[in-house]
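Undergrad:
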């Protein structure tokens, strides 16, 4: 597969076209009808959840939020490939993968409501918290890869970054360390065309982003990130390769951030509606839906019914979260150190004396 | 017991932890095959294997960042930054992840990472090889900052640092790497993080110092003794968390305090010691707390470094001024 889609020749792995028609039958991943519907429903769930969180943000019930809309296929395909024991090193826009790893909706809500508690991921195995400093988390992926190899475990780490992140030094250090150490890490670039307002052509003079793998002696693959079958095929292949060969892989998933960078951003300022319309045709849900409809596996009626169910459940859990969360003073202080220094304890005691005084004045 | 200098003591501590804990790995630039530019890790790769003691690519952010991943996966990496002035590319990983992952994951991931950092001046080195910027790191929530001044403490503190569930910046005073030999137990022992040590009892003035400055203060104390002054010397050993109890008890006893450090004076470790003396022992003070520290400048190149370094006679001069105030 790596030779067939050599990034140096700027080839891109695709399985279905914009109308959901299979164009590379031999690359179609082995999936039952039920599995296909499940994948679609997972993308639909991510889109619905995403939409709901944006609306909660507009209502002032959560803080700044980076939407996933348009990029659902990548996270969902990653989630379908990662096993319980595999590691996920997220950036912050791969919700399908978080959910598959076991991150709960309530945790996602808590995080967006402003509680670190949402990053505890109590029910998920081997996932790091979301990472804001761009590309810095990729190096953690390389370190996890070293630990996997050192401990002789049958695990793979998958680490995410955006197109803008490929300009950071840490992107290059991560690929270099993983290449030199020969560790099972899949680096995934979600190339959604923009780093906030800056287009990808202003990040690099390379013909694509996957080709950067060549310099680090690892294999690379450019994939249609809006084609869930292509993403699944690429991830399955890369996962097997990373495990068996104990080597790192770089995957560029070509996609489009249909929404804003975050709820604080206004993309109409830096891109045209013509461009947006062009990418609407490549929407990952639309393409898979057309595919499923042709196979009579999905319908508008089904979509409407399922979406309503999702919305009800999402809203129920959101309201439950709103009612139960609290942030006592202790939570702000007790996690900075595993072993809390006496001086910090003294600071807490001093502050509590103030609080007592304050309460007595009321 | 065996005669050891600080280089031997650090090597011995690493050897003991590598032997007893398979999760300990040691790496950095030249830290593997060659044993580091100061030969601190010499022989460890041969004894423990290339998977456990190794050379990394020449990239400090990569070294610090991979340690985050390793610690998350249950290892206890001990990483070496070759010189104090080379740590800055790793600063983002230290301040954004190493010191935050425990808090961010609500205790899910412990960052048992030791960053070894040869620091300090007085060795006629090139630029970037002589600085003493520990205050920058002591200011970061989530980090513990340790600095031994003797072979015994170097060994015991490093063992504590490796066993700590919090990340530790372990400063090694390279000026005295081989200057002091001491009989040190070959057995495993630890020196607790967060505990200062009173090296000499005295009644006239408290002097607080750490690392390579301890030896300079001890030279000044010979002059002080001749002049009839009784100096109490405290070796901080840990910068953060600061042992406030030991310092304030001493200042309450002597009524005077002089801090000695080779760091730039403003907003430094010394500033924190001054604040502590004022906050905790104000009514006991007989003289203003005094900092003897370096200028707020870049460490001069070797021919000018003597203008910068803190010397015993300068320390004595300030001790006397404080006592006579």
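Protein chains in written order, with our numbering: chain A, 1 to 362; chain B, 1 to 325. Beta carbons: idealized from backbone N, C-alpha and C, even for Gly.
From residue 326 of chain B to residue 299 of chain B, what does the alpha carbon distance come to, in whole angstroms?
TA: The first residue shown for chain B is 1 and the last is 325, placing residue 326 of chain B beyond what the model contains.
Undergrad: Applying the 10 Å Cβ sphere with the 16-neighbour rule, what's the burial state of residue 325 of chain B?
TA: Under this definition residue 325 of chain B is an exposed residue.
Undergrad: With distances taken from CA atoms, which of A:109, A:30, A:25 is nearest residue 66 of chain A?
TA: A:109
Undergrad: Checking contacts by CB at 8 Å: is residue 73 of chain B closer than that to chain A?
TA: Chain A, which has a Cβ nearer than 8 Å to the Cβ of residue 73 of chain B, makes this yes.
Undergrad: Can you pull the chain B neighbours of residue 176 of chain A, defined as C-beta to C-beta under 8 Å?
TA: 57, 59, 62
Undergrad: Any beta carbon from chain B within less than 8 Å of residue 180 of chain A's own beta carbon?
TA: yes
Undergrad: Start and end of the alpha helix (DSSP H) containing residue 273 of chain B?
TA: 269 to 281
Undergrad: How is the beta strand (DSSP E) around residue 206 of chain B delimited, first residue to last?
TA: Counting along the chain, the unbroken beta strand (DSSP E) around residue 206 of chain B starts and ends at 205 to 209.
Undergrad: On the three-state DSSP scale, how would you describe residue 309 of chain B?
TA: In this structure, residue 309 of chain B counts as coil in the three-state DSSP scheme.
Undergrad: Within the segment 275 to 319 of chain A, note down every full alpha helix (DSSP H) run reaching 4 residues or more, in order along the chain.
TA: Counting whole runs of 4 or more residues, the segment 275 to 319 of chain A contains the alpha helix (DSSP H) stretches 284 to 294.
Undergrad: Residue 151 of chain A to residue 197 of chain A, Cα distance in whole Å?
TA: 42 Å
Undergrad: Mapping the DSSP letters down to three states, classify residue 271 of chain A as helix, strand or coil.
TA: coil
Undergrad: Buried or exposed: residue 321 of chain A, going by 16 or more other Cβ atoms within 10 Å of its Cβ?
TA: buried
Undergrad: Just to confirm the assignment, what range does the beta strand (DSSP E) spanning residue 223 of chain A have?
TA: 219 to 224
Undergrad: For a contact meaning CB atoms closer than 7 Å, what does residue 342 of chain A contact in chain B?
TA: 241
Undergrad: Please go through the same chain and pick out, in chain order, the residues whose beta-carbon is closer than 7 Å to the beta-carbon of residue 115 of chain A, but skip the five residues on each side of it.
TA: 325, 327
Undergrad: Tell me the rounded alpha-carbon separation between residue 283 of chain A and residue 118 of chain B.
TA: 54 Å
Undergrad: Mind checking the segment 16 to 36 of chain B against chain A and listing, in chain order, the residues whose C-beta falls within less than 8 Å of any C-beta there?
TA: 25
Undergrad: Whose C-alpha, out of A:280, A:270, A:265, is nearest the C-alpha of residue 258 of chain A?
TA: A:280
Undergrad: Who does residue 78 of chain B pair with in a DSSP beta bridge?
TA: B:26, B:114
Undergrad: For residue 60 of chain B versus residue 16 of chain B, is the C-beta spacing smaller than 8 Å?
TA: Between residue 60 of chain B and residue 16 of chain B, the C-beta spacing is not below 8 Å.
Undergrad: According to DSSP, is residue 247 of chain A part of a helix, a strand, or is it coil?
TA: Reduced to three states, the DSSP call for residue 247 of chain A is coil.
Undergrad: Under 8 Å Cβ-Cβ, which residues of chain A neighbour residue 51 of chain B?
TA: 150
Undergrad: Please list the residues of the segment 100 to 120 of chain A that have a C-beta atom closer than 7 Å to any C-beta atom in chain B, keeping them in chain order.
TA: 116, 117, 119, 120
Undergrad: List the residues of chain B that residue 409 of chain A touches, going by C-beta distances under 7 Å, in chain order.
TA: Within the shown structure, residues of chain A are numbered from 1 to 362, placing residue 409 of chain A beyond reach of any answer.
Undergrad: Given 8 Å as the limit, is there contact between the segment 43 to 53 of chain A and the segment 202 to 217 of chain A, that is, 3 or more CB pairs closer than that?
TA: Taking 8 Å as the limit for Cβ pairs, the verdict is that the segment 202 to 217 of chain A does not touch the segment 43 to 53 of chain A.
Undergrad: Pull the bridge partners of residue 238 of chain B from the DSSP assignment, please.
TA: The partner list for residue 238 of chain B (beta bridge, DSSP) reads B:146.
Undergrad: Opposite residue 291 of chain B in the DSSP bridges: which residues?
TA: Within the DSSP bridge table, the entry for residue 291 of chain B names B:259 as partners.
Undergrad: Judging by CA-CA distance, which residue of B:262, B:228, B:161, B:164 is the nearest neighbour of residue 216 of chain B?
TA: B:262
Undergrad: Starting from residue 95 of chain A and walking both ways along the alpha helix (DSSP H), at which residues does that stretch end?
TA: 95 to 101
Undergrad: Could you please give the first and the last residue of the uninterrupted alpha helix (DSSP H) stretch that includes residue 190 of chain A?
TA: For residue 190 of chain A, no alpha helix (DSSP H) segment is defined; the enclosing uninterrupted segment is the beta strand (DSSP E) at 185 to 191.
Undergrad: So within the segment 39 to 118 of chain A, which uninterrupted beta strand (DSSP E) runs reach at least 3 residues, ignoring any that extend past its ends?
TA: 87 to 89
Undergrad: In whole angstroms, what separates the C-alpha of residue 139 of chain A from that of residue 28 of chain B?
TA: Annotation: residue 139 of chain A to residue 28 of chain B spans about 15 Å, alpha carbon to alpha carbon.
Undergrad: Pick from A:182, A:199, A:231: whose alpha carbon is nearest that of residue 81 of chain A?
TA: A:231
Undergrad: Closest by CA to residue 37 of chain A, which one among A:306, A:345, A:355?
TA: A:306
Undergrad: Return the chain-ordered list of same chain residues with a C-beta closer than 6 Å to the C-beta of residue 165 of chain A, the five sequence neighbours on each side being excluded.
TA: 134, 135, 171
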